[in-house]
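K.L.:
When the count follows our numbering, it moves up by one through the sequence shown with no breaks and lands on 428 for the last residue.
Below you will find the structure I want to go over with you.
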Amino acid sequence: ATLAPFIAGLPKAELHLHIEGSLEPELMFELARRNRVDIPFDSVEAVRAAYSFSNLQDFLDIYYAGANVLLTEQDFHDLALAYFRRSAADSVRHAEIFFDPQTHTDRGVPFQVVADGLLSGMAAAEAEQGVTSRLILCFLRHLDEDAAFATLKMAEPWLDRIIGVGLDSSEVGHPPSKFQRVFDAAGSLGLKRVAHAGEEGPPDYVWQALDLLKIDRMDHGNRSMEDPALVARLASEGMTLTVCPLSNHKLCVVDDLADHPLPSMLAEGLHVTLNSDDPAYFGGYVNANYQALADQAGLTRDQIVQVAVNSFEGSFLPEADKAARI
Ligand code: ADE
Ligand code: ZN
103 ATLAPFIAGL
113 PKAELHLHIE
123 GSLEPELMFE
133 LARRNRVDIP
143 FDSVEAVRAA
153 YSFSNLQDFL
163 DIYYAGANVL
173 LTEQDFHDLA
183 LAYFRRSAAD
193 SVRHAEIFFD
203 PQTHTDRGVP
213 FQVVADGLLS
223 GMAAAEAEQG
233 VTSRLILCFL
243 RHLDEDAAFA
253 TLKMAEPWLD
263 RIIGVGLDSS
273 EVGHPPSKFQ
283 RVFDAAGSLG
293 LKRVAHAGEE
303 GPPDYVWQAL
313 DLLKIDRMDH
323 GNRSMEDPAL
333 VARLASEGMT
343 LTVCPLSNHK
353 LCVVDDLADH
363 PLPSMLAEGL
373 HVTLNSDDPA
383 YFGGYVNANY
393 QALADQAGLT
403 RDQIVQVAVN
413 SFEGSFLPEA
423 DKAARI
């Protein structure tokens, strides 16, 4: 029997979602018109046709260009609300969303515009859809440590509304060690810590994320599977991994979803979750990620339930709330 209706109705949390990566071409065009920003495409179809990537950097180049249409508080509000409406249709009840302030502040858009716009979209979505959310500030790892510290400083007035910090952008050549001090500072401020690791980078970057950045949750983590001692460490710590199969396929991290590591991760006792990463660019929201692995990697109904339970357990909701949400 098809698992589609079961997946569709299953309550879930999304823990790996870049809000700038939820900018659909239709909204990109609307914002370009509203803000009189030039975009290098003639049509929504031309934008979608350009979304063919051979690696992470290929994608990042077009993703940062797309973000140029985001200028006002209203734009960030609209972006967030559109994501929550779309993901509510996938039975997402809670989401912990990443944002990349440096992508915007480096273009002259004030941190305040980005943060207040996103927070107001999140509040509107909670009122309208009942979906709860948290904000995670990501440092761009292709930029330097000083820039990350400056971003953390800029965020100070908002830290009561930001649950944690993350690390994203170009992985290879930018090891977690580069950000050890800023992650220490974030930890001292009471922020949770997460980091992209082992997406394209080697298992050593995953060890560094654990030992140097002291992460509370791991984003991707695919290449951990190359190192049995690392797998044992992640299992014994009960570390949550936020896995993104459609992203992995589009970015050529895995050649074939039939060979996706998620079933092996489950078999090794890892606390894996399923997420959409940048759904406007990778061709599917969270349910499409569940469905792709059900169809192509043989994910069973019981495994699907386990992954959805993991998504609440691995969230940064208060412990007392988690059980009530599952
Ligand atoms: N920024 C947005 N999506 C990303 C990904 N999959 N890896 C690293 N940085 C990103
Ligand atoms: Zn990501």
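Ideal Cβ placement from N, Cα and C applies to all residues, glycine included.
Since the model is a prediction, treat every value here as computed from it, not as a measurement.
Within the continuous beta strand (DSSP E) that includes residue 106, where are the two ends?
P.N.:
Unbroken run through residue 106 is the alpha helix (DSSP H), 106-111; no beta strand (DSSP E).
K.L.:
With residue 180 as the anchor, note down where its alpha helix (DSSP H) starts and where it stops.
P.N.:
175-190 is the extent of the alpha helix (DSSP H) around residue 180.
K.L.:
Between which two residues does the alpha helix (DSSP H) carrying residue 369 extend?
P.N.:
364-369
K.L.:
Does the count of Cβ pairs from the segment 271-279 and the segment 291-310 closer than 8 Å reach three?
P.N.:
yes
K.L.:
Is residue 244 near the ligand ZN, with its Cβ less than 7 Å from a heavy atom?
P.N.:
Look at residue 244: its beta carbon is at least 7 Å from all of the heavy atoms in the ligand ZN.
K.L.:
Buried or exposed, going by whether 16 or more other CB atoms sit within 10 Å of the CB of residue 171?
P.N.:
buried
K.L.:
Relative to the C-alpha of residue 397, which candidate in 371, 358, 425 and 374 has its C-alpha closest?
P.N.:
358
K.L.:
Tell me whether residue 413 sits in a helix, a strand or coil according to DSSP, three-state version.
P.N.:
helix
K.L.:
Got a sec? Which residues, its chain only, sit under 7 Å from residue 362 by beta carbon, not counting five neighbours each side?
P.N.:
Around residue 362: 347, 350, 356, 395 and 399.
K.L.:
Take every Cβ of the segment 198-218, pair it with every Cβ of the segment 115-127, and state whether three or more of those distances are shorter than 8 Å.
P.N.:
The segment 198-218 makes contact with the segment 115-127; the number of CB pairs closer than 8 Å reaches 3 or more.
K.L.:
Residue 154: buried (16+ other C-beta within 10 angstroms of its C-beta) or exposed?
P.N.:
exposed
K.L.:
Classify residue 265 as helix, strand or coil using the three-state DSSP reduction.
P.N.:
coil
K.L.:
Can you list, in chain order, the residues of its chain whose CB lies under 8 Å from that of residue 238, leaving out five sequence neighbours each side?
P.N.:
198, 199, 200, 201, 264, 265, 266, 267, 268, 294 and 296
K.L.:
Could you compute how far the alpha carbon of residue 405 sits from the alpha carbon of residue 345?
P.N.:
14 Å
K.L.:
Does the distance between the C-beta of residue 276 and the nearest non-hydrogen atom of the ligand ZN fall short of 7 Å?
P.N.:
no
K.L.:
By DSSP, does residue 235 sit in helix, in strand, or in coil?
P.N.:
strand
K.L.:
Threshold first: 4 residues or longer. Then list the alpha helix (DSSP H) segments lying entirely within the segment 296-377, N to C.
P.N.:
305-313, 330-339, 347-352 and 364-369
K.L.:
Which residues does DSSP list as the beta-bridge partners of residue 115?
P.N.:
DSSP output for residue 115 lists 196 as bridge partner(s).
K.L.:
Which of helix, strand or coil does DSSP assign to residue 74?
P.N.:
There is simply no residue 74 to check, as the chain begins at 103 and stops at 428 in what is shown.
K.L.:
Thinking just about the alpha-carbon of each residue, which of 125, 210 and 193 is nearest to the one in residue 181?
P.N.:
125
K.L.:
Where residue 332 and residue 252 are concerned, what is the direct C-alpha to C-alpha distance, given to the nearest angstrom?
P.N.:
33 Å
K.L.:
For the alpha helix (DSSP H) holding residue 151, just list the boundary residues, first then last.
P.N.:
146-151
K.L.:
How would you call residue 191, buried or exposed, if buried means at least 16 neighbouring beta carbons within 10 angstroms?
P.N.:
exposed
K.L.:
How is the alpha helix (DSSP H) around residue 166 delimited, first residue to last?
P.N.:
158-168
K.L.:
Between which two residues does the alpha helix (DSSP H) containing residue 126 stretch?
P.N.:
Neither: residue 126 is in no alpha helix (DSSP H) and is coded neither H nor E.
K.L.:
Tell me which same chain residues have a C-beta within less than 7 Å of the C-beta of residue 416, skipping the five on either side of it?
P.N.:
117, 319, 342, 373 and 375
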